[in-house]
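Comments concern the structure below.
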Amino acid sequence: MALNPNLAKLAATALVKGRYKKQIKRIKESGSETDCIEEAVDGVIKKLPTASPGALVVYGDPQSGKTEMMICLTAKLLDSGHKTIVHLMNDSVDLLMQNLDRFKLAGLAPAPRNSSDLANSPLVSGHEAVVFCKKNAKDLAKLISALSEAGPIIVIDDEADYATPNAKINAKEKTKINALIAKLLENKGRYIGVTATPARLNLNNTFNTKTETWVRFRPHSAYTGQDHFFPLNGPVPYRLTLLSGPGSADDARNAFARFLVTVAYLNTTAEANGKKEENYSFLVHTSGKTDDHTADRKIIETAMTALVGGSGPKFDELLEVIYQKAKALYPAANAVKLTKYVVANASRSAFVVLNNKRDRATAGDKPTVPTCPFTVIIGGNIVSRGVTFPNLLAMFFTRDVATKLQQDTYIQRARMFGARGKYLEHFELTIPKHLYDDWHRCFVFHRLALQAIQDNKASPVWIGDPRISIASSSSIDRSTVDLNKGEMSFQIFDCPDLKKLDDVVDANPTDLGTLKKLAALIGGALPKYLIDYLEAALKEKPGTLAIHASSSIAGYGKSAKQDAISRTRGFLGKPQLEEKRFPGAIHHVKILHNGKGKARVFYKNLGGVQFVQNLKT
Numbered sequence: 005m006a007l008n009p010n011l012a013k014l015a016a017t018a019l020v021k022g023r024y025k026k027q028i029k030r031i032k033e034s035g036s037e038t039d040c041i042e043e044a045v046d047g048v049i050k051k052l053p054t055a056s057p058g059a060l061v062v063y064g065d066p067q068s069g070k071t072e073m074m075i076c077l078t079a080k081l082l083d084s085g086h087k088t089i090v091h092l093m094n095d096s097v098d099l100l101m102q103n104l105d106r107f108k109l110a111g112l113a114p115a116p117r118n119s120s121d122l123a124n125s126p127l128v129s130g131h132e133a134v135v136f137c138k139k140n141a142k143d144l145a146k147l148i149s150a151l152s153e154a155g156p157i158i159v160i161d162d163e164a165d166y167a168t169p170n171a172k173i174n175a176k177e178k179t180k181i182n183a184l185i186a187k188l189l190e191n192k193g194r195y196i197g198v199t200a201t202p203a204r205l206n207l208n209n210t211f212n213t214k215t216e217t218w219v220r221f222r223p224h225s226a227y228t229g230q231d232h233f234f235p236l237n238g239p240v241p242y243r244l245t246l247l248s249g250p251g252s253a254d255d256a257r258n259a260f261a262r263f264l265v266t267v268a269y270l271n272t273t274a275e276a277n278g279k280k281e282e283n284y285s286f287l288v289h290t291s292g293k294t295d296d297h298t299a300d301r302k303i304i305e306t307a308m309t310a311l312v313g314g315s316g317p318k319f320d321e322l323l324e325v326i327y328q329k330a331k332a333l334y335p336a337a338n339a340v341k342l343t344k345y346v347v348a349n350a351s352r353s354a355f356v357v358l359n360n361k362r363d364r365a366t367a368g369d370k371p372t373v374p375t376c377p378f379t380v381i382i383g384g385n386i387v388s389r390g391v392t393f394p395n396l397l398a399m400f401f402t403r404d405v406a407t408k409l410q411q412d413t414y415i416q417r418a419r420m421f422g423a424r425g426k427y428l429e430h431f432e433l434t435i436p437k438h439l440y441d442d443w444h445r446c447f448v449f450h451r452l453a454l455q456a457i458q459d460n461k462a463s464p465v466w467i468g469d470p471r472i473s474i475a476s477s478s479s480i481d482r483s484t485v486d487l488n489k490g491e492m493s494f495q496i497f498d499c500p501d502l503k504k505l506d507d508v509v510d511a512n513p514t515d516l517g518t519l520k521k522l523a524a525l526i527g528g529a530l531p532k533y534l535i536d537y538l539e540a541a542l543k544e545k546p547g548t549l550a551i552h553a554s555s556s557i558a559g560y561g562k563s564a565k566q567d568a569i570s571r572t573r574g575f576l577g578k579p580q581l582e583e584k585r586f587p588g589a590i591h592h593v594k595i596l597h598n599g600k601g602k603a604r605v606f607y608k609n610l611g612g613v614q615f616v617q618n619l620k621t
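Just so you know, the sequence shown maps onto residues 5 to 621 in this note's numbering.
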C-alpha cells in the first residue's frame, strides 16, 4: 500500500537538523559559557579531514568540562553527515553510566546506546547511531561484530591515554585493547582521543597522531584548577592542611571533623539567607587496595556512629573536637550553633566505597553525587580517571608510591579540580607535605610541556625528574623517543634587532628581571609560565639562573634544521653553558637564531630534570 503523498513528503523531510546549535543553546541557557567548546569543536572539524592518518588528539585540563565538549562535538559530527559515533570509556561501569546519563539528558538525537544492548537490539543499517563502550577486550570484540556493516566509524576515546596506547610497542606486538580499537577504525574510520594528559599518546605514537593537528580545549572562566590548587607563587585560595607524616587514623578523623564543621557553616549560613542547604562530599583516597578502603570506612564510620549515638565517652570526645574546630575555622561564627547542627544532622550521612567490590545496588547509579549533607566517599583506582565529584568539599589524600609518581596518573587524581568557585575558600585538601610537593611539581612540569606544545607543536618536550616519571616506561616507543633530550624550546619569533636583546642580557645575565624585560620585547616567545616557574625555583635556590647572549646556529650545518631552529641532539652543550662564567647555574636560558631574522628561546635545567622528546616526524 502506497503512502499518502503528504505523509511521504513528511517522512522525507522529517530529518533531525541543527543538533549542534541546539546543544550550544542548551548550555548557554544553563548559564554556562560556550566559547571554549565552540573553539575546540571548530578545531576538530577543521583538522580531522586532513589529519594523518585520520587521528588527532583533543587535550584540556582535568575536570574542565570535556563531557559537554564531547556532547557538542558528537552533535556537530552528526550534523556533518557522519553516521556512527562510538564513545570509548575506561573499563568502569560508573564512568560509563555517568557519561551515558549526561548525553541522554542533553537531548541528543539519536539517543546514545550502551554497546551491551546491541545484541538484543541491533543497529539498523544506514541509520545514525551513538554508541558507548567500555575499553575491555570482550566488549570491544562484540562491538566490532555489531558494527560490521556500519561503514566508516568515528571513535571518540575519552581518557585516551588510558588502556588505548600499545604497552607492547617495544616488543613489536600489540596489546589487545590497542589492536581492537585499530580494527574498529579499519574501514576508513577516524580517531579522536580526548585527555588531560596527552604525553603517553605522543611518546607511544598511538595511532601516529601528529601534534601539529592536536586541538587545545581551554577551560571555562569558572574553572578552578592548577593555578588555584598548585599555584607557583603566592598563597593558595583554599584550606591546605599539610601533614608531617604519611597520614594516620587521627589525621583522618580530624579532617573529617573539619569537614563536618564546614558543612555546618555553609548550610546554616544558607538557611540564614533564605536559601536551601546543600549536600557535600568528603573524598578519602589513601590506597588502591580494597582492604584498606574497608579500614578507612571503619575509621570515619565509627566517629559518625558515636555522634549519632548522642552520649558516651566517644561522643563527648568527638563533640569537643568539633567544637574546637568550629572556633578555629570560623571565629566570627557561633561555634555552639555549628556544633549543634553537626549533632542534629549526624544521622543524615552516607558512606560510599568506590572500588570493584562495592555494592552497586546500595550506592545507586550516581555514587559520586552526594545524597546527604555529610556524604563520605572512599575511593580506589576509579578515583584516578574521569569520574566527577559534584559538591566535593574536602579531600583526604595520602596515596603515595615508594618509587616514582607517574605524572599522568597523579594529574588525573586531582579530583578537586572543576567549578569549585562558590565554595573554594572553604574547600580543604589534607595531604602529606612531601606528597603535595611532588604533586605540585607534576603539574608544573605538565604545564611547561603543554606550553611548549602550544608554542612548538611539531616537537613537544615532556618533563620529569628522579621522583616523577612522565609515563609508563613500557609505553614509550624507544625507537623514536629521545629519553635524554636535555632542553626545551618555545615558539619562533622575529628578531630584526639581536643587539637590542643582547644588550638587555648583558646588563644583568643572572637576574630574573632580565627575562621579564626580554619577554616585554619578544612577547609569548618567552612564556610567562616559564618565568613564573623560574621565579619559584630561584626562591628555593637563589643565584642559579644564567641568561646567555644569543648565538647563530649556522655553524651546525646539516645537523640542524635551519628554518625550524631545531636539532635532534640539541644545541646547549658545555660551550654554550659557559660553566666558568656561571659556575653555580642550574637554569640556563639562551636565544638561538638562524641568521635569517628568526629565533627561539631555549631552556636547559641541570638540576636532575629529564627532558623527553619524540623525534618521529
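Think of the CB as a built atom: it goes at the ideal place given N, C-alpha and C, for glycine as much as any other residue.
Looking at C-alpha atoms only, which residue of V159, L188, F136 and K138 is the closest neighbour of E153?
L188
State the beta-bridge partners of S285 as determined by DSSP.
T379 and L396
Closest residue to A418 among D515, L396, A511 and L205 (Cα-Cα distance)
L396
Using only the alpha-carbon positions, how far apart do I304 and F263 sit?
12 Å
Using alpha carbons as the reference points, say which of L454, H450, T372 and Q411 lies closest to M420.
T372
Are I435 and L246 closer than 9 Å when you measure CB to CB?
yes
9 Å Cβ cutoff met for V448 and F615
no
Which same chain residues, not among the five before or five after G22, have their C-beta less than 8 Å away from its C-beta?
D83
Inter-residue spacing [alpha-carbon to alpha-carbon] between L610 and A589
8 Å
A44: which of Y166, A203 and T78 sits nearest, CA to CA?
T78
By Cβ distance, which residues of its chain are closer than 6 Å to D459, with the 5 residues on each side in sequence left out?
F494 and Q495
Would you mind sorting A123 into buried or exposed? The rule is 16 or more other CB atoms within 10 Å of its CB.
exposed
DSSP three-state call for T366: helix, strand or coil?
Residue placement at T366 cannot be trusted, given a pLDDT of 47 that sits under 50; the coordinates are not used to answer.
Among the residues of its own chain, which have a CB less than 6 Å from the CB of A350, if the five just before and after it don't count?
L311 and V312
Residues bridged to P436 (per DSSP)
L247
Beta-carbon within less than 7 Å of H450's beta-carbon, same chain only, minus the 5 sequence neighbours each way: which residues are those?
Q411 and I415
Whole-number beta carbon distance between A268 and R346, since they are thought to touch under 8 Å
At residue 346 the sequence reads Val, which differs from the Arg that was named. The pair is a contact, with the Cβ atoms about 5 Å apart (cut-off 8 Å).
Hey, V508 and N618: beta-carbon distance below 9 Å or not?
no
Please confirm if the segment 99-106 is in contact with the segment 59-67, defined as three or more CB-CB distances below 8 Å between the two stretches.
no
Taking 8 Å as the cut-off, is the beta-carbon of D501 closer than that to any non-hydrogen atom of the ligand PLP?
Looking for the ligand PLP in the displayed structure turns up nothing, as the structure carries no ligands at all.
Buried or exposed for P546, going by 16 or more other Cβ atoms inside 10 Å?
exposed
Quick one: any contact between the segment 499-517 and the segment 570-579, if contact means 3 or more CB pairs under 8 Å?
no
What three-state label does DSSP hand I157 in the structure shown?
strand
Reference P243; option with closest CA among E275, N174, A524 and L333
According to the sequence displayed, residue 243 carries Arg and not Pro. The candidate whose alpha carbon is nearest that of R243 is L333.
Can you look up F449 in the DSSP assignment and give me helix, strand or coil?
helix
Per the DSSP calculation, D498 is bridged to which residue(s)?
K602
Along the chain, which unbroken stretches of the beta strand (DSSP E) at least 3 residues long are found entirely within the segment 54-122?
59-63 and 88-93
Which whole-angstrom value describes the C-beta separation of P241 and L428, a residue pair presumed to lie in contact below a C-beta threshold of 8 Å?
6 Å
Collapsed DSSP secondary structure at Q458 in the structure displayed
helix
V509, DSSP secondary structure in three states
helix
In three-state terms, what does DSSP make of D165?
coil
Exposed or buried, what is L109 when buried is set at 16 or more other beta-carbons lying within 10 Å of its beta-carbon?
exposed
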